[in-house]
Amino acid sequence: GIGVLYKLRHLVPKSTTRTLYNSFIQSHALYGILNWGCASKSILEPLKCNLRKAVRVADFAPYTAHSEPIFKRLKLLNFEKLHKLETAKFMFQMHKGTNYTTLGREFSENKKPSPTQHKTVFLPWFLSENNIYQYKEKFSYI
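And the structure:
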């Protein structure tokens, strides 16, 4: 994807390079980002590096240029922000019940929010209130 972007950037306007970035680079980064987005830093760093490299190529920036201003100028999100956005969208869909996956059964609503908590929080099924009490009975150190 970066090689295609590198060769085509001289032939098309800058707005088209942004579209090429979205189709060739960002679409691959978004695929499965909820699953592997929380992987260890050593696993994610090459991906982040490639995203930064692609943004520099799309903007004709030098290899040593800082990528954050380029992301802002091109109105693109870096990897951390992409992951946060996709996680927020997923949780919003879970809360509204519009998510079409069967994963909804794995989450339960927290019926007793803490005094500092103003909104409903969805917990994995194994952390639901009933299960926590069951685990407390089995394990004395919890």
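Numbering of the sequence shown is given in my numbering, commencing with residue 1107 and proceeding in unit increments.
Even for Gly, the Cβ is constructed at its ideal location relative to N, Cα and C.
Assigned with DSSP and collapsed to three states, SER1133 falls in helix.
Around the beta carbon of ARG1158, 16 or more other beta carbons sit within 10 angstroms, so the residue counts as buried. Here LYS1181 carries a coil assignment [DSSP, helix/strand/coil].
In this structure SER1173 is buried. Its beta-carbon is surrounded by 16 or more other beta-carbon atoms within 10 angstroms. For TYR1127, the secondary structure class from DSSP, reduced to helix, strand or coil, is helix. Within the same chain, GLY1107 come within 7 Å of HIS1134 by CB-CB distance, once the 5 residues on both sides are set aside.
Distance between LEU1153 and TYR1127, taken at the CA atoms: about 14 Å. In this structure, GLY1143 lies away from HIS1201, with their beta-carbon atoms at least 9 Å apart.
Counted as a single uninterrupted DSSP element, the stretch harbouring ALA1171 is not any alpha helix (DSSP H), since DSSP gives it neither H nor E.
The alpha-carbon of TYR1169 is positioned some 13 Å away from that of TYR1112. Shown here for LEU1180: same chain residues with a beta carbon closer than 7 Å to its own, the five before and five after excluded, namely ARG1124, VAL1161, ALA1164 and ASP1165 in chain order. Here PHE1198 is exposed. Its C-beta has fewer than 16 other C-beta atoms within 10 Å. For ALA1160, the uninterrupted alpha helix (DSSP H) run begins and ends at 1147-1164, by DSSP.
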